[in-house]
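Residue numbers (my numbering): 2 to 336.
All C-beta atoms in this analysis are idealised placements derived from N, C-alpha and C, irrespective of residue type, glycine included.
Since the model is a prediction, treat every value here as computed from it, not as a measurement.
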Amino acid sequence: MVKASSIVRLRWGILGTASIADKIVNGIKKAGCGTVTAIASRDAAKARQWASKRNIPLSFGSYEALLKSGEVDVIYNPLPNRMHAEWTINALKAGLPVLCEKPLAMSASEARAVADVAKTTGLLVVEAFMYRYHPLWECVTKAVKNGQIGDPLSIHSVFAFRLDDESSIAASARLGGGSLMDVGCYPVHAARMVFGQEPVRAFAFERRRQVDDSLTGILEFPNGAVATIESSIESYERHQFQVSGTAGTIIVDKPWFPGEESSSFIMKREIEFEDRIVECDGDDAYRAQVLDFAKAVVKRQTPRWDVQDAVANMAVIDALFASAALGRPVDVMIP
2 MVKASSIVRL RWGILGTASI ADKIVNGIKK AGCGTVTAIA SRDAAKARQW
52 ASKRNIPLSF GSYEALLKSG EVDVIYNPLP NRMHAEWTIN ALKAGLPVLC
102 EKPLAMSASE ARAVADVAKT TGLLVVEAFM YRYHPLWECV TKAVKNGQIG
152 DPLSIHSVFA FRLDDESSIA ASARLGGGSL MDVGCYPVHA ARMVFGQEPV
202 RAFAFERRRQ VDDSLTGILE FPNGAVATIE SSIESYERHQ FQVSGTAGTI
252 IVDKPWFPGE ESSSFIMKRE IEFEDRIVEC DGDDAYRAQV LDFAKAVVKR
302 QTPRWDVQDA VANMAVIDAL FASAALGRPV DVMIP
């Protein structure tokens, strides 16, 4: 577990009052590497109420006012998906590093634009995929890399739930919703992370009304390995990640929200007569994410996942959407 003892306490500003922001507020408190100094909303009264309830000293009635205030050192951006790139760029131009909720942008070209501004300003941008900071995933990736299941051949990964609120951002095409952008980006990222390479081709099928309510995709990797990913905002809730190789299989039943106290996965291997439960450490993934970001900002070092990872993930998502629309496989093009 990463410690916060040598990290300067940063002043955090939050754009918007999305419910996910509470997870980050709590993560910052647990990390002990900063405080939330300010919150901004386009509704000044809402910002004041949100700040008061959480003992945040400052509130602003516009995002611009917070960025220009001089009262924060870094920004957390949990705005609707379609606003991520715009306001991350605005924050960078205001001289502020950004932890931006996933997905970073609406397309790989938008993500590349963010990366270009980050490079020009010399400031950090990290996409907030909190799950990957949990110790469970270091265990899984090491097991695969060390040959515990032989040569990896396939991944099957699911993030699905039933959305009951039709007014939710996840159901809004205007705000950048849909199953792939809301939750399918997790299985896409996990496949890339565990295989340790970028897919070259994608093939996808979707059920669509205003947005993709469900999407199933197949990703082909350079070594011939294949990942199937499934996302849904209309399905019975299912979370699973499974990677199989020439000598075994790893099954993760709680891939996206692993435990704070402990975590585990199931190992099935042909040389063992019984399935084995592999125990891993626990952690608050939001805490770990915040701490890694803060450490990179203060020490001016590369984070565990930089902005280029976000560009690559969006390129895969672009290819999946294009394939679903065209009805044929599409090459993955990373700008």
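Kindly identify the DSSP beta-bridge partner or partners of T229.
For this step, residue 229 is matched to residue 228 along the sequence shown. For T229, which the question treats as bridged, DSSP gives the partners H157 and I219.
Length of the line joining the Cα atoms of P330 and S42:
Here residue 330 corresponds to residue number 329 of the sequence shown, with the count starting at 1. Here residue 42 corresponds to residue number 41 of the sequence shown, with the count starting at 1. So the alpha carbons of these two residues sit roughly 42 Å apart.
Determine contact between the segment 118 to 129 and the segment 147 to 155, defined as no fewer than three beta-carbon pairs at a distance below 8 Å.
no
Do A92 and A114 have their CB atoms nearer than 8 Å?
As a position in the sequence shown, residue 92 is number 91, starting the count at 1. As a position in the sequence shown, residue 114 is number 113, starting the count at 1. No.
How about S232 and L176: do their beta carbons lie closer than 8 Å?
Here the question's residue 232 lines up with position 231 in the sequence shown. Here the question's residue 176 lines up with position 175 in the sequence shown. No.
Beta carbon of D319 nearer than 8 Å to that of P304
Along the sequence shown, read from residue 1 onward, the residue named residue 319 stands at position 318. Along the sequence shown, read from residue 1 onward, the residue named residue 304 stands at position 303. It is not a contact, given that the beta carbons lie outside the stated cut-off.
Hey, out of Q50, A48, Y77 and D254, whose CA is closest to G14's CA?
On the sequence shown, residue 14 is found 13 positions in, with the first residue counted as 1. Cα-wise, what sits closest to G14 is Y77.
Compute the Euclidean distance between the alpha carbons of R1 and A19, then round it to the nearest angstrom.
Missing from the structure shown is residue 1; the chain here goes from 2 to 336 and no further.
Roughly how many angstroms lie between the CA atoms of E139 and D117, to the nearest whole one?
Walking along the sequence shown from the start, residue 139 turns up at place 138. Walking along the sequence shown from the start, residue 117 turns up at place 116. Taking the straight line joining both Cα atoms gives about 29 Å.
CA nearest to the CA of R270, picked from A144, V184, E221 and V308
Within the sequence shown, residue 270 is the residue found at index 269, counting from 1. Of the candidates A144, V184, E221 and V308, the one whose C-alpha sits nearest the C-alpha of R270 is A144.
Would R133 and M84 qualify as a contact pair, given that the criterion is a beta-carbon distance under 8 Å?
Working through the sequence shown from its first residue, we reach residue 133 at position 132. Working through the sequence shown from its first residue, we reach residue 84 at position 83. Not a contact, by the Cβ cut-off of 8 Å.
Taking only the alpha-carbon atoms, compute the straight-line gap between E167 and D183 and give it to the nearest angstrom.
Looking up residue 167 in the sequence shown gives position 166. Looking up residue 183 in the sequence shown gives position 182. Near 14 Å, if we compare the C-alpha coordinates of D183 and E167.
Kindly list the residues whose CB is nearer than 7 Å to the CB of A297, restricted to its own chain and excluding five residues on each side of it in sequence; keep chain order.
Reading the sequence shown from its first residue, position 296 is the one you call residue 297. Here the set comprises L125, T303 and P304.
Let's see if you can read the secondary structure: which residues bound the alpha helix (DSSP H) around K47?
The residue you call residue 47 lines up with position 46 of the sequence shown. For K47, the enclosing alpha helix (DSSP H) starts and ends at A45 to K54.
How is S6 classed by DSSP in three states: helix, strand or coil?
Taking the first residue of the sequence shown as position 1, residue 6 is located at position 5. With a pLDDT of 47 at S6, under the threshold of 50, the modelled position of this residue cannot be trusted, and the question is left open.
Comparing C-alpha positions only, which one of H135, G62, P58 and S70 sits nearest to V291?
Taking the first residue of the sequence shown as position 1, residue 291 is located at position 290. Taking V291 as reference, the option from H135, G62, P58 and S70 with the minimal CA-CA separation is H135.
For Q149, which of helix, strand or coil comes out of DSSP?
Position 148 of the sequence shown holds residue 149. Coil at Q149, not helix or strand.
Starting from Y187, trace the alpha helix (DSSP H) in both directions and tell me its first and last residue.
By one-based count along the sequence shown, residue 187 stands at place 186. Where Y187 is concerned, the enclosing alpha helix (DSSP H) stretches over C186 to F196.
Work out the CA separation of A192 and I156 for me, nearest whole Å.
Your numbering for residue 156 matches position 155 in the sequence shown. Your numbering for residue 192 matches position 191 in the sequence shown. Answer to the nearest angstrom: the Cα atoms are 7 Å apart.
Buried or exposed by the 16-neighbour rule on C-beta atoms within 10 Å, applied to Q243:
Position 242 of the sequence shown, counting from 1, holds the residue named residue 243. Buried, because 16 or more other Cβ atoms sit within 10 Å of the Cβ of Q243.
Just to check my reading of the structure: A45 and I335 have Cβ atoms closer than 8 Å, yes? What is that Cβ distance to the nearest angstrom?
Against the sequence shown, residue 45 aligns to sequence position 44. Against the sequence shown, residue 335 aligns to sequence position 334. No, A45 and I335 are not in contact; Cβ-Cβ is about 41 Å, not under 8 Å.
Going by C-alpha distance, which of L11, K54 and V317 is nearest V189?
As a first step, residue 189 must be located in the sequence shown, where it is residue number 188. Among L11, K54 and V317, the Cα nearest to that of V189 belongs to V317.
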